[in-house]
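Residue numbers (our numbering), protein chains in the order written: chain A, 203 to 355; chain B, 15 to 151.
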């Protein structure tokens, strides 16, 4: 059983500075050679002022944007009592307001929305739903992410 | 070819994307890029201990492939929402194909939008993710 006292809790503020190298690194790892993610000149020719981030970039914030207090999702789930080898990703969802670009100084808080117990054919699972709203240095919302992590026992 | 709201029809297929086989090196690269260092994705013994028989792919790699397919079709700033459910595990060697189709045309505050369903499956037809996105056209 996960520690239910985490329901409704917000983690320490996540901070992340978007830069061109990380955008290229993520697109490269995916094998996505879209020039909008790699080449500033190509992005400018398409009407952007710099390269833009791939659609799944906001998920990096909760892994790389953690603090010493442990905002990283996996260490959080471990604090809550999960075995790291038994964690699966259930769902991931984004709402976008404008593309992420180099220079964006992102902050946001990850909130644990709910923990729901499910009895599956392979045993009990806890479904942990989280949400975070990420803003840039001007206070503008850039993206909202929602995720479901599945903790098996 | 930029999709056009007037001519696009519910049921139209989106251009599919076929990816080369996932490699173990790709999982190492993705771990470093994403910051997700769960050892079940990179350390063979951890994959065995997790009951998966070896390393498994980050679900987010497959979602990233779906994202690639979407931004091959529309510009990143046209995408309003994107969400998936992870329905199956992928392993190195899996060759993922992403497909999708238009399921709804609608207007929000005068902005024409389409809702599309997307899914990714391996060479055996095993589905890995299923989801939807909304794009402004």
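Ideal Cβ placement from N, Cα and C applies to all residues, glycine included.
From B/47, B/96, B/35, residue whose alpha carbon lies closest to that of residue 226 of chain A: B/47
Coil, strand or helix - residue 58 of chain B by DSSP: helix
query: Closer than 8 Å, Cβ to any Cβ of chain B: which residues of the region 251-263 of chain A, in chain order?
result: Answer set for the region 251-263 of chain A: 254, 255, 256, 257, 258, 261, 262.
message: If contacts are defined as beta-carbon pairs under 8 Å, then residue 20 of chain B and residue 106 of chain B qualify, I think. What distance do you get, rounded to the angstrom?
response: Actually they are not in contact, since the Cβ atoms of residue 20 of chain B and residue 106 of chain B sit about 44 Å apart, beyond 8 Å.
query: What do you reckon, are the CB atoms on residue 143 of chain B and residue 96 of chain B nearer than 8 Å?
result: No; because the gap between Cβ atoms is not below 8 Å, this pair is not in contact.
- prompt: Does residue 340 of chain A get closer than 8 Å to chain B when you measure Cβ to Cβ?
  reply: No - not a single Cβ of chain B is within 8 Å of the one on residue 340 of chain A.
Residue from B/68, B/74, B/108, B/150 with nearest C-alpha to residue 139 of chain B: Ranking the options by Cα distance to residue 139 of chain B, first place goes to B/108.
- prompt: In terms of DSSP beta bridges, what is residue 318 of chain A paired with?
  reply: A/329
message: Suppose contacts are defined by Cβ-Cβ distances below 8 Å. Is residue 31 of chain B in contact with residue 79 of chain B by that definition?
response: yes
Same chain, Cβ closer than 7 Å to residue 280 of chain A, neighbours up to 5 away in sequence not counted: 286
Same chain, Cβ closer than 6 Å to residue 299 of chain A, five either side skipped, listed in chain order: 343, 344
field: For residue 44 of chain B, the first and last residue of its enclosing alpha helix (DSSP H)
entry: 38-48
message: Measuring only the C-alpha atoms, how far is residue 346 of chain A from residue 228 of chain A?
response: 19 Å
field: Beta-carbon proximity list for residue 29 of chain B, same chain, < 8 Å, skipping 5 on both sides
entry: 83, 86, 87
query: Between the C-alpha atoms of residue 64 of chain B and residue 204 of chain A, what's the straight-line distance to the nearest angstrom?
result: 19 Å
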